[in-house]
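No gaps in the numbering here: position 33 of the sequence shown is 89 in the numbering used here, and each next residue is one more.
Backbone N, C-alpha and C define an ideal beta-carbon position, used for all residues, glycine too.
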Amino acid sequence: MSTPNSQPEPAASGGTEFATCDLYDADESLQSLSLQLLNLGGRARFTGQVRTISCYRDNGLVKELLNTPGEGSVLVVDGAGSLDSALIGDMIAASAIENGWAGVVIHGAVRDREQLAEMDLGVRALGSNPRKSVKEGLGQVDVPLQFGGVTFVPGATLWSDADGVLVTPA
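Dropping the structure here:
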């Protein structure tokens, strides 16, 4: 059990043992995401340092960043809540795994749900759409994001499990 301000450190594998309910009970300064994101990856519980991307129907930057060493980080993508096209699928997820990312949290859609469910990657998203997005590279990397009552800043710590998503205060 955690005590206030003594959350477990993210593991490089993103698989440290924790429960978001216990973490929040121990430290109510943590931000709790109010959106009910679906848990779509094969890793149901994950944690890591936040990296961010803001983009709309364009996953060029997502693909590019997840193809770099993640070192156990979690990529948070603000796709403006759009379900019009998917921001990741199985091929980008495979690259994320190969590069050591713990997970992705997407304020938008994914595709290849059956494959994602079998992959060792945490994936949270609003839903899915088989339509791929464009890859023009439009958007911003490592900028503060706000959605679901939470401010995500690069370097913050994120925890995700079946009960929800918590983030250290901005």
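Beta-ladder partner(s) of residue i, from DSSP
i      : result
Thr213 : Gln105
Asn95  : Arg180
Ile153 : Ile153 is not bridged to any residue.
Val206 : Phe203
Gly88  : Note that residue 88 is Ser in the sequence shown here, rather than Gly. Bridge partners of Ser88: Leu222.
Leu131 : Arg107 and Val160
Ala166 : It should be pointed out that residue 166 corresponds to Val in this sequence rather than to Ala. Answer is Ile144 and Ser184.
Val118 : Answer is none; Val118 lacks a bridge partner.
Cutoff 8 Å; reference residue i; Cβ partners in own chain excluding five residues on either side
i      : result
Leu96  : Val166, Arg169, Leu172, Ala173, Val179, Arg180, Ala181 and Ser184
Ser138 : Tyr112, Arg113, Gly164 and Ala165
Sub-8 Å separation of residue i and residue j beta-carbons
i      : j      : result
Ser141 : Asn123 : no
Val132 : Ala158 : no
Gly128 : Gly98  : no
Val106 : Pro186 : no
Leu177 : Ala149 : yes
Residues near residue i in its chain [Cβ-Cβ closer than 6 Å; skip 5 each side]
i      : result
Thr224 : Ala212 and Thr213
Leu194 : Asp114
Leu91  : Gly204
Val161 : Val132 and Arg180
Asp217 : Thr76 and Arg101
Euclidean distance between Cα positions of residue i and residue j
i      : j      : result
Leu117 : Ala100 : 25 Å
Leu94  : Glu84  : 24 Å
Phe208 : Gly135 : 14 Å
Gly145 : Ala82  : 35 Å
Gly220 : Glu192 : 32 Å
Trp215 : Leu86  : 10 Å
Asp78  : Leu222 : 11 Å
Phe74  : Val206 : 20 Å
Residue closest to residue i, alpha-carbon to alpha-carbon, out of the options
i      : options                          : result
Val197 : Tyr112, Leu222, Val206 and Tyr80 : Tyr112
Same chain, Cβ closer than 7 Å to residue i, neighbours up to 5 away in sequence not counted
i      : result
Val199 : Thr108 and Ser110
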